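*Asks:* These protein sequence lines map, in sequence, to chains A and B. The first sequence begins at 15 in the numbering used here and counts up one residue at a time. The second sequence begins at 15 in the numbering used here and counts up one residue at a time. Pasting a structure below so you can have a look.
Number of protein chains: 2
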Amino acid sequence: MQTLFQYNWQVREDWFRWCEDVPEEQLLRVRTGGVGGILHTLFHIVDVEWSWIRSLQGKPDFQESFDEYRSLERVRQLQAAFRPEVESFVGSWQHSMENQPFHDIRRDGTPVVYSWGEVLRHVIAHEIHHVGQLSVWAREIGKQPVSANLIGRGLVSPPRG
Amino acid sequence: MQTLFQYNWQVREDWFRWCEDVPEEQLLRVRTGGVGGILHTLFHIVDVEWSWIRSLQGKPDFQESFDEYRSLERVRQLQAAFRPEVESFVGSWQHSMENQPFHDIRRDGTPVVYSWGEVLRHVIAHEIHHVGQLSVWAREIGKQPVSANLIGRGLVSPPRG
Numbered sequence: 015m016q017t018l019f020q021y022n023w024q025v026r027e028d029w030f031r032w033c034e035d036v037p038e039e040q041l042l043r044v045r046t047g048g049v050g051g052i053l054h055t056l057f058h059i060v061d062v063e064w065s066w067i068r069s070l071q072g073k074p075d076f077q078e079s080f081d082e083y084r085s086l087e088r089v090r091q092l093q094a095a096f097r098p099e100v101e102s103f104v105g106s107w108q109h110s111m112e113n114q115p116f117h118d119i120r121r122d123g124t125p126v127v128y129s130w131g132e133v134l135r136h137v138i139a140h141e142i143h144h145v146g147q148l149s150v151w152a153r154e155i156g157k158q159p160v161s162a163n164l165i166g167r168g169l170v171s172p173p174r175g
Numbered sequence: 015m016q017t018l019f020q021y022n023w024q025v026r027e028d029w030f031r032w033c034e035d036v037p038e039e040q041l042l043r044v045r046t047g048g049v050g051g052i053l054h055t056l057f058h059i060v061d062v063e064w065s066w067i068r069s070l071q072g073k074p075d076f077q078e079s080f081d082e083y084r085s086l087e088r089v090r091q092l093q094a095a096f097r098p099e100v101e102s103f104v105g106s107w108q109h110s111m112e113n114q115p116f117h118d119i120r121r122d123g124t125p126v127v128y129s130w131g132e133v134l135r136h137v138i139a140h141e142i143h144h145v146g147q148l149s150v151w152a153r154e155i156g157k158q159p160v161s162a163n164l165i166g167r168g169l170v171s172p173p174r175g
C-alpha cells in the first residue's frame, strides 16, 4: 500500500518538474478527457487524495475550485500544504485499519459503507489513472511523458539473497 | 495487492464490453500516446501482465506481436488463454514472496535485481496507467469511458461494525 503511494508521489514530482518546461498556456489549455487539462489534473489529484484522507479522519473537506489555482506555482503550494497530513496518515497505516468502516453518502442520497482499505486503494488507482491521461496530452504537445515505470525507482528495499 | 488485480480485471472486462459497441476501425485506429490505439492497448495490458508472471516463475515469455491480434475476439481469446495462470499466481500470493529476488537484464545489458513485490506493483500500475489513456481516446470518439472508480465495485468485504 505505502509503496504505491510513494510511487504516486514520485511520479507526481516528476510531472511537476516536467511542467516547468511547458508554456503555461499549454498547461491550462482545455483538453479532451478526464478533468480537461494538464494542470487541472494535477490540482485534481492533489485535491482528491487529501479530501479522502481528511474524510477518513472525519475532518472537513477542501471545497475550493481550480479557478483559484491556475498556475504551476499555486498547485505546488497546495500540494506542499496538503502533503504532511497525507504522508502522516499513510505512514502510520497498519493492517488493522483495512476493515475500518467509512460511512459515505452516494450522489443519489443513499448511504454506503466502504472499508478504509478500499478507500486507500481507490485513491492510489485514481492518481495512476489520471496520470495515464497526462501521458496522452504530453504526446499531443510533442513532449515525452514522465515514465510510469514503478520498477527501477528504488521504492522497494533490495530483496534477500 | 490482490484487490488491485481484481480491480484491474474487472475494469478490463468493462473495457472489452465497451469495445463491443465501437466500430473495429476505431478500435484499430492509430492514436497519439501510449502504444497508439485502443485494441493495441488492451493487447499490451494482457501481454505484459502475463509476461511478468511468467518471468517471475522462470518460464518462457510471450513473443508475438499485435499484428496477429487485430480484432476484439482475438485479444479476448488471448486473455482467456493467459488468465488462469495469472489468476493462479496472484491468488496464491503470500507476504513471504514480497522480497523474493527477480534477476533481470536492463536494455543496456546491465544486470538488475527487483523484488517480486516490486514487480507485482509495477504490473498493477502499468494497467491502470494505460487504462487512463483509453479514457481519453474514448472521449475523442464521443463515448463515455468505463468508470475508473475502485470504490463501489464490491471488491473489499464489508467492514466491521
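C-beta: ideal position from N, C-alpha, C; glycine also. This one's a predicted model, so the numbers in the text were calculated from it and none came from an experiment.
For T124 (chain A), return the contacting residues in chain B, with the cut-off set at a CB-CB distance below 8 Å.
*Replies:* What T124 (chain A) touches in chain B: nothing, since even the nearest Cβ is about 11 Å away.
*Asks:* Whose C-beta lies closer than 7 Å to the C-beta of M15 (chain A) among residues of the same chain, with five residues either side of it excluded?
*Replies:* For M15 (chain A), where only same-chain residues beyond five positions count, the Cβ hits under 7 Å are W107 and L134.
*Asks:* Check I59 (chain A) in the structure and name its three-state DSSP category.
*Replies:* If DSSP states are grouped into helix, strand and coil, I59 (chain A) belongs with the helices.
*Asks:* Exposed or buried, S161 (chain B), counting other C-beta atoms within 10 Å across all chains shown (16 or more means buried)?
*Replies:* It counts as exposed.
*Asks:* I'd like the ranges of any alpha helix (DSSP H) spanning at least 4 consecutive residues and lying wholly in the stretch 64–139 of chain B.
*Replies:* The qualifying runs are 86–105.
*Asks:* Please return the same chain residues whose Cβ sits closer than 8 Å to the Cβ of L169 (chain A), not counting the five positions on each side in sequence.
*Replies:* Closer than 8 Å at the Cβ level, and outside the excluded window around L169 (chain A), lie T17, Q20, Y21 and Q24.
*Asks:* Taking the continuous alpha helix (DSSP H) assigned at N22 (chain A), which residues delimit it?
*Replies:* Residues Q16 to C33.
*Asks:* Give the DSSP-derived three-state secondary structure of Q158 (chain A) in the structure shown.
*Replies:* Q158 (chain A) falls in the coil class under three-state DSSP.
*Asks:* Measure the alpha-carbon distance for K73 (chain A) versus W64 (chain A) and round it to whole angstroms.
*Replies:* If you take the alpha carbons of K73 (chain A) and W64 (chain A), they lie about 11 Å apart.
*Asks:* When the Cα of G47 (chain A) is compared with those of B:S171, B:P159 and B:V100, which residue comes out closest?
*Replies:* If we check each option's Cα against that of G47 (chain A), B:P159 comes out closest.
*Asks:* Have a look at A:P37, A:Q77 and A:Q147 and flag the residue whose alpha-carbon is nearest the alpha-carbon of D61 (chain A).
*Replies:* Ranking A:P37, A:Q77 and A:Q147 by Cα distance to D61 (chain A) puts A:Q77 first.
*Asks:* Does the Cβ of S171 (chain A) have 16 or more other Cβ atoms within 10 Å, making it buried, or fewer, making it exposed?
*Replies:* With fewer than 16 Cβ atoms within 10 Å of its Cβ, S171 (chain A) is classed as exposed.
*Asks:* Let's see if you can read the secondary structure: which residues bound the alpha helix (DSSP H) around L41 (chain A)?
*Replies:* Start and end: E38 to L42.
*Asks:* So for G146 (chain B), helix, strand or coil by DSSP?
*Replies:* DSSP places G146 (chain B) in helix when its eight states are reduced to three.
*Asks:* Does any C-beta atom of chain A lie closer than 8 Å to the C-beta of H58 (chain B)?
*Replies:* No - not a single Cβ of chain A is within 8 Å of the one on H58 (chain B).
*Asks:* Please list the partners that S161 (chain A) has in chain B, where partner means a Cβ-to-Cβ separation under 7 Å.
*Replies:* In chain order: nothing, as chain B lies at least about 10 Å away.
*Asks:* In chain order, what residues of the same chain have a beta carbon less than 7 Å from the beta carbon of R90 (chain A), not counting five sequence neighbours either side?
*Replies:* F30, listed in sequence order.
*Asks:* According to DSSP, simplified to helix, strand and coil, what is I52 (chain B)?
*Replies:* In the structure shown, I52 (chain B) sits in a helix (DSSP, three-state: H, G or I).
*Asks:* Does the beta-carbon of L104 (chain B) have 16 or more other beta-carbons within 10 angstroms, so that it is buried, or is it exposed?
*Replies:* Checking the sequence, you will find Val at residue 104 (chain B) rather than Leu. V104 (chain B) should be labelled buried.
*Asks:* Would a C-beta distance cut-off of 8 Å place S129 (chain A) and Q114 (chain A) closer than the cut-off?
*Replies:* Yes, Cβ-Cβ distance for S129 (chain A) and Q114 (chain A) is below 8 Å.
*Asks:* Count the other CB atoms within 10 Å of the CB of Q147 (chain B); is the residue buried (16 or more) or exposed (fewer)?
*Replies:* Flag for Q147 (chain B) reads buried.
*Asks:* Among A:H54, A:E112 and A:S69, whose alpha-carbon lies nearest the alpha-carbon of R84 (chain A)?
*Replies:* Of A:H54, A:E112 and A:S69, the residue nearest in Cα terms is A:H54.
*Asks:* Cα separation between N163 (chain A) and G131 (chain B)?
*Replies:* Roughly 14 Å separates the two Cα atoms.
*Asks:* Would you say H143 (chain B) faces chain A, with C-beta separation under 8 Å as the test?
*Replies:* Yes, H143 (chain B) lies at the interface with chain A (some Cβ there is under 8 Å from its Cβ).
*Asks:* Measuring alpha carbon to alpha carbon, tell me which of B:E141, B:V150 and B:A152 ends up nearest W66 (chain B).
*Replies:* Residue B:E141 is the option with its Cα nearest to W66 (chain B).
*Asks:* Is it the case that the Cβ atoms of C33 (chain B) and L41 (chain B) are separated by a distance below 8 Å?
*Replies:* Cβ distance < 8 Å, so C33 (chain B) and L41 (chain B) count as in contact.
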